[in-house]
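Colleague:
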DNA sequence: GCCAAAATGTAGCCTAGGCTACTTTATAGG
DNA sequence: CCTATAAAGTAGCCTAGGCTACATTTTGGC
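Protein chains in written order, with my numbering: chain A, 1 to 155; chain B, 1001 to 1155.
#1: Could you check the C-alpha separation between residue 96 of chain A and residue 48 of chain A for me, to the nearest Å?
#2: Less than 8 angstroms between the beta carbons of residue 40 of chain A and residue 113 of chain A, yes or no?
#3: Can you pull the DSSP bridge partners for residue 87 of chain A?
#4: Does the separation of the CB atoms of residue 100 of chain A and residue 38 of chain A fall below 8 angstroms?
#5: Determine the extent of the alpha helix (DSSP H) in which residue 1057 of chain B is found, giving its start and end residues.
#6: What residue range is occupied by the uninterrupted alpha helix (DSSP H) comprising residue 78 of chain A?
#7: What separation, rounded to the nearest whole angstrom, lies between the Cα atoms of residue 1146 of chain B and residue 1137 of chain B?
#8: Could you give the DSSP three-state label for residue 1101 of chain B: helix, strand or coil?
#9: Let's test the definition: count the other Cβ atoms within 10 Å of the Cβ of residue 1061 of chain B and tell me whether it reaches 16, buried, or not, exposed.
#10: What residue range does the alpha helix (DSSP H) around residue 1136 of chain B cover?
#11: Considering only residues of the same chain and omitting the five flanking positions on each side of residue 1151 of chain B, which have a CB-CB separation below 7 angstroms?
#12: Output the distance between the C-alpha atoms of residue 1091 of chain B and residue 29 of chain A, rounded to the nearest integer angstrom.
#13: What does residue 37 of chain A reach in chain B if we use C-beta pairs closer than 9 angstroms?
#14: Tell me the residue span of the alpha helix (DSSP H) that contains residue 1151 of chain B.
#15: Let me make sure I understand the geometry here. Which of B:1078, B:1051, B:1050, B:1111 has the alpha-carbon closest to that of residue 1140 of chain B?
#16: Any beta carbon of chain A sitting closer than 8 angstroms to that of residue 1090 of chain B?
#17: Just by C-beta distance, which residues in the stretch 128-145 of chain A are closer than 8 angstroms to chain B?
#18: Looking at residue 1129 of chain B and residue 89 of chain A, is the spacing between their C-beta atoms short of 8 angstroms?
#19: Report the neighbours of residue 1150 of chain B on chain A: residues whose CB is nearer than 8 angstroms to its CB, in chain order.
#20: Compare the beta carbon distance of residue 1034 of chain B and residue 155 of chain A with 8 angstroms and say whether it is the shorter of the two.
#21: Tell me, to the nearest whole angstrom, how far the beta carbon of residue 127 of chain A is from that of residue 1143 of chain B; I am working on the premise that it is less than 8 angstroms.
#22: Could you say which of A:64, A:104, A:67 lies nearest to residue 80 of chain A if we only look at CA atoms?
#23: Would you call the CB atoms of residue 1065 of chain B and residue 25 of chain A closer than 8 angstroms?
#24: Any beta carbon from chain B within less than 8 angstroms of residue 31 of chain A's own beta carbon?
#25: Pull up the distance between the alpha-carbon of residue 1073 of chain B and that of residue 1059 of chain B, whole angstroms please.
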């Protein structure tokens, strides 16, 4: 650092005396990587839902449910395939692999838990559902456990 | 990233067999647009933090704290400028506009609230801090209010 | 059995948010 | 007052996740 003689100069020269930096960087990094899997999680959950409810998961339905164009849905589905979460034969719908099904299950459970906690905290169910959609992808295992415990403890 | 709600949405919805679709699509759409502002919020908060703590916010420090390369930080800073949240003179550090300061304040308050709620639910402070970083960007005003109320009610 | 409409798929474009590699500027220190 | 070095900035590349526009398959209705 060759600028002002501020506090950060010392940090740098003296082999990082700020202990929080590494931690914080790791935190943010985790947040960012969570975002990249969030979409895949949504797709997996939705496909499982459609397969259970309609018996098939078609790109157009997926697109409509997610509010994106069908082209976008198809592109995302190909990412799902690349990630080993789904399979699809042209014009024949989308299916989940074992891995995809496992992911969908985890996601569904987590979603329920987040919604329930939000409602327990007094969030109206409408908002709870909406916010959970975004929140759930950032809830760690540790936090999930705490949520479960909290719900159990209060009946 | 914000997608344009075009006529085809309505078309599809009109012939749809599933009743809950419109709502769900809107939910997901909101989640996605929240993601696009999440980074700007993080930057604004961090810059405010650095300005308060060190008296200046330099791209290198920002980059280190966020765990990204300085090139990435600089690019993001230029997005902040475009969004009217920050100003920066070459080689002279980054500053927040009134709008940026207001955003940073809101973000800081919200972050605290989310962390406090998580801890109140029994989440260890380490995990609470980490998860809050991701969660906070998806908490609506409604939910925020409920959080505040909840904390107040339990002392 | 044909044909139109709907679903599916492809191509090409955009922005955000990452990166590395290189260049330019400022400043500290001899 | 130079100059080495750290910070800042620039260029160019990549992937994800959006879109529109167009091409191709399926399929339902006659």
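Just so it is clear, CB atoms sit at the ideal spot from N, CA and C, and this is done for glycine as well.
Modeller: So, from the listed chains and residues:
#1: Translated into the one-based positions of the first chain, residue 96 of chain A becomes position 96. Translated into the one-based positions of the first chain, residue 48 of chain A becomes position 48. Residue 96 of chain A and residue 48 of chain A: Cα-Cα distance of roughly 7 angstroms.
#2: Here residue 40 of chain A corresponds to residue number 40 of the first chain, with the count starting at 1. Here residue 113 of chain A corresponds to residue number 113 of the first chain, with the count starting at 1. Going by C-beta atoms, residue 40 of chain A is not nearer than 8 angstroms to residue 113 of chain A.
#3: Here residue 87 of chain A corresponds to residue number 87 of the first chain, with the count starting at 1. Answer is A:95, bridged to residue 87 of chain A.
#4: As a working note, residue 100 of chain A is residue 100 in the first chain. As a working note, residue 38 of chain A is residue 38 in the first chain. Result no, Cβ atoms of residue 100 of chain A and residue 38 of chain A do not sit closer than 8 angstroms.
#5: As a first step, residue 1057 of chain B must be located in the second chain, where it is residue number 57. Counting along the chain, residue 1057 of chain B falls outside any alpha helix (DSSP H), and DSSP gives it neither H nor E.
#6: As a position in the first chain, residue 78 of chain A is number 78, starting the count at 1. Here the alpha helix (DSSP H) through residue 78 of chain A covers 70-82.
#7: Looking up residue 1146 of chain B in the second chain gives position 146. Looking up residue 1137 of chain B in the second chain gives position 137. Near 16 angstroms, if we compare the C-alpha coordinates of residue 1137 of chain B and residue 1146 of chain B.
#8: As a working mapping, residue 1101 of chain B is identified with position 101 in the second chain. Here residue 1101 of chain B sits in helix by DSSP.
#9: On the second chain, position 61 is the one that residue 1061 of chain B refers to. Per the 10 Å Cβ criterion, buried.
#10: By 1-based counting over the second chain, the position of residue 1136 of chain B is 136. Element bounds for residue 1136 of chain B: n/a, residue is neither H nor E.
#11: Position 151 of the second chain, counting from 1, holds the residue named residue 1151 of chain B. For residue 1151 of chain B, where only same-chain residues beyond five positions count, the Cβ hits under 7 angstroms are 1116, 1117, 1120.
#12: For the purposes of this step, residue 1091 of chain B is taken as residue 91 along the second chain, with counting starting at 1. For the purposes of this step, residue 29 of chain A is taken as residue 29 along the first chain, with counting starting at 1. When rounded, the distance between both Cα atoms is 26 angstroms.
#13: The residue you call residue 37 of chain A lines up with position 37 of the first chain. Around residue 37 of chain A, no beta-carbon contact reaches into chain B at under 9 angstroms, the shortest distance being about 12 angstroms.
#14: By 1-based counting over the second chain, the position of residue 1151 of chain B is 151. Here the alpha helix (DSSP H) through residue 1151 of chain B covers 1141-1153.
#15: Walking along the second chain from the start, residue 1140 of chain B turns up at place 140. Looking at the Cα atoms, B:1111 is the closest of the given residues.
#16: As a working note, residue 1090 of chain B is residue 90 in the second chain. Closer than 8 angstroms: no.
#17: With the criterion set as a beta carbon lying under 8 angstroms from some beta carbon of chain B, the members of the stretch 128-145 of chain A are 128, 129, 130, 131, 133, 134, 135, 137, 138, 139, 140, 142, 143, in sequence order.
#18: Numbered from its first residue, the first chain carries residue 89 of chain A at position 89. Numbered from its first residue, the second chain carries residue 1129 of chain B at position 129. No; because the gap between Cβ atoms is not below 8 angstroms, this pair is not in contact.
#19: Locating residue 1150 of chain B in the second chain gives position 150, where the first residue counts as 1. Correct list: 121, 122.
#20: In the second chain, residue 1034 of chain B corresponds to position 34, counting from 1. In the first chain, residue 155 of chain A corresponds to position 155, counting from 1. It is not a contact, given that the beta carbons lie outside the stated cut-off.
#21: Residue mapping note: residue 127 of chain A aligns to position 127 of the first chain, counting from 1. Residue mapping note: residue 1143 of chain B aligns to position 143 of the second chain, counting from 1. Going by Cβ atoms, the distance from residue 127 of chain A to residue 1143 of chain B rounds to 5 angstroms, so yes, they are a contact pair.
#22: Position 80 of the first chain, counted from the start, is the residue given in the question as residue 80 of chain A. It is A:104.
#23: Translated into the one-based positions of the second chain, residue 1065 of chain B becomes position 65. Translated into the one-based positions of the first chain, residue 25 of chain A becomes position 25. Yes, these two residues count as a Cβ contact at 8 angstroms.
#24: Numbered from 1 along the first chain, position 31 holds the residue referred to as residue 31 of chain A. Yes, residue 31 of chain A counts as interfacial toward chain B.
#25: Translated into positions along the second chain, residue 1073 of chain B becomes position 73. Translated into positions along the second chain, residue 1059 of chain B becomes position 59. Roughly 6 angstroms separates the two Cα atoms.
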